[in-house]
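Participant: Note that UniProt numbering has the sequence shown beginning at 1, numbered continuously upward.
Think of the CB as a built atom: it goes at the ideal place given N, C-alpha and C, for glycine as much as any other residue.
Model, not experiment: these values are computed from the prediction.
If you scroll down you'll find the structure; I have some questions about it.
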Amino acid sequence: MLVHDTVGTSRSQAEIDQIRLSLQARHDELTEEYQQAVQQSQVLRLVEVGDTAGDDQADSGTKTAERDTAQSLLRTILDRRAQYEHALVRLAEGTYGFCEGCTAPIPVERLEIFPSATTCVTCKQTRERRAA
């Protein structure tokens with residue numbers, strides 16, 4: 001379990017350490033995933049540069065789509081990694097597990113599924129409705 005059953009109460013140092021280790025482990029996984037994606041992207045670029053002879057519009061379009069997909073993956077990984085960095089900062093500040101919108105405790109179930117969550121379900125739904 002990532003957080004104490006009653007999120008609103010103070011956590012023991014052991015619980016904080018467990019949460020920190022879990023968040024840091026996921027951050028490290030995302031860092032490794034990012035580094036691998038960067039290497040794959042670099043290989044793709046090298047292949048593109050060396051293999052352009054005889055390309056028609058379809059080949060160019062395919063290469064552009066592959067490049068866009070690779071860049072999108074890199075942005076997504078960086079985004080998720082930043083979320084975990086933010087969660088680690090919040091943990092250090094003592095605000096982890098509390099909604100940034102209304103300051104209510106974020107349900108334990110939400111944090112177990114999405115450890116980097118910064119909002120309670122109600123605030124998240126409100127934000128999504130406004131964006132739609």
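(1) Quick one: give me the first and last residue of the alpha helix (DSSP H) that glutamate 100 is part of.
(2) Around the C-beta of serine 72, are 16 or more other C-beta atoms found within 10 angstroms, so that it is buried, or is it exposed?
(3) Nearest to isoleucine 19 by CA position, among Thr64, Ala132 and Phe114, is which residue?
(4) Rounded to whole angstroms, what is the Cα-Cα separation between arginine 130 and threonine 118?
(5) Got a sec, what are the start and stop residues for the alpha helix (DSSP H) arginine 110 sits in?
(6) In angstroms with no decimal places, state the Cα-to-Cα distance between alanine 25 and glutamine 125.
(7) According to DSSP, is glycine 94 part of a helix, a strand, or is it coil?
(8) Using the rule of at least 16 other Cβ atoms within 10 Å of the residue's Cβ for burial, across every protein chain shown, is cysteine 102 buried or exposed?
Facilitator: Inspection of the coordinates gives the following:
(1) Note, glutamate 100: premise wrong, no alpha helix (DSSP H); not H, not E.
(2) Burial call: exposed.
(3) Of the candidates Thr64, Ala132 and Phe114, Phe114 places its Cα closest to the Cα of isoleucine 19.
(4) One Cα belongs to arginine 130, the other to threonine 118, and the distance between them is close to 17 Å.
(5) Counting along the chain, the alpha helix (DSSP H) containing arginine 110 begins and ends at 108–113.
(6) Going from the Cα of alanine 25 to the Cα of glutamine 125 covers about 28 Å.
(7) The three-state reading of DSSP puts glycine 94 in coil, since its state is none of H, G, I, E or B.
(8) With fewer than 16 other Cβ atoms from the protein chains shown falling within 10 Å of its own Cβ, cysteine 102 counts as exposed.
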